[in-house]
Structure formats: C-alpha cells, structure tokens
Amino acid sequence: MKNSEIRSLSESEIAERLAAEQENLTKLRFAHAISPIENPNKIKESRRAIARLKTILKAKQLAK
38 MKNSEIRSLS
48 ESEIAERLAA
58 EQENLTKLRF
68 AHAISPIENP
78 NKIKESRRAI
88 ARLKTILKAK
98 QLAK
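Residue numbers (this note's numbering): 38 to 101.
Now the structure itself:
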C-alpha cells in the first residue's frame with residue numbers, strides 16, 4: 038500500500054487496516070516459526086506497512 042493511498046483514508050480506516058496488518062504479521066511469524074514460509078520478505082513488507090500506517094495515523098492525529 039502506497040503512502041498516497043494511506044493518506045486518502047480516514048483515521049478510523051487507517052486504524053482498521055493497522056489492526057488487520059498487525060494480525061497478519063503475527064500469523065506470518067507463527068507460520069515462519071513452525072516451518073519456513075516461501076517468501077520471508079512478506080514479514081519485512083508487513084512490518085514496513087505497519088510503520089507507514091502508524092506514521093500517517095500519528096501525523097493525522099497531531100494535525101487536529
């Protein structure tokens with residue numbers, strides 16, 4: 038998800054996406070711990086998506 042796409046979302050939508058992405062990261066980590074997943078870069082991408090979501094959510098909250 039690109040920054041421009043995230044910025045166009047409302048705070049509640051960003052919070053929902055953040056929760057979903059964090060749940061996805063947890064599932065990926067458990068799956069990787071049990072048996073190596075095909076593409077371990079998915080974990081890295083998920084972490085970065087969470088960071089983007091948190092950054093933009095904080096910026097929107099501070100802008101109020």
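Every residue, glycine too, gets a C-beta built ideally from N, C-alpha and C.
Closer than 7 Å by C-beta to residue i: which residues in its own chain qualify, once you throw out the five before and the five after it? Chain order, please.
i	result
residue 65	74, 79, 80 and 83
residue 95	none
Using DSSP with H/G/I as helix, E/B as strand and the rest coil, what is residue i?
i	result
residue 72	coil
residue 81	helix
residue 47	coil
Give the range of the alpha helix (DSSP H) segment to which residue i is assigned.
i	result
residue 41	40–44
Could you pull out every residue in the same chain whose Cβ sits closer than 8 Å to the Cβ of residue i, ignoring the five residues on either side in sequence?
i	result
residue 40	89 and 93
residue 59	87
residue 69	77 and 80
Rounded to the nearest angstrom, what separates residue i and residue j at their Cα positions?
i	j	result
residue 51	residue 43	7 Å
residue 98	residue 61	24 Å
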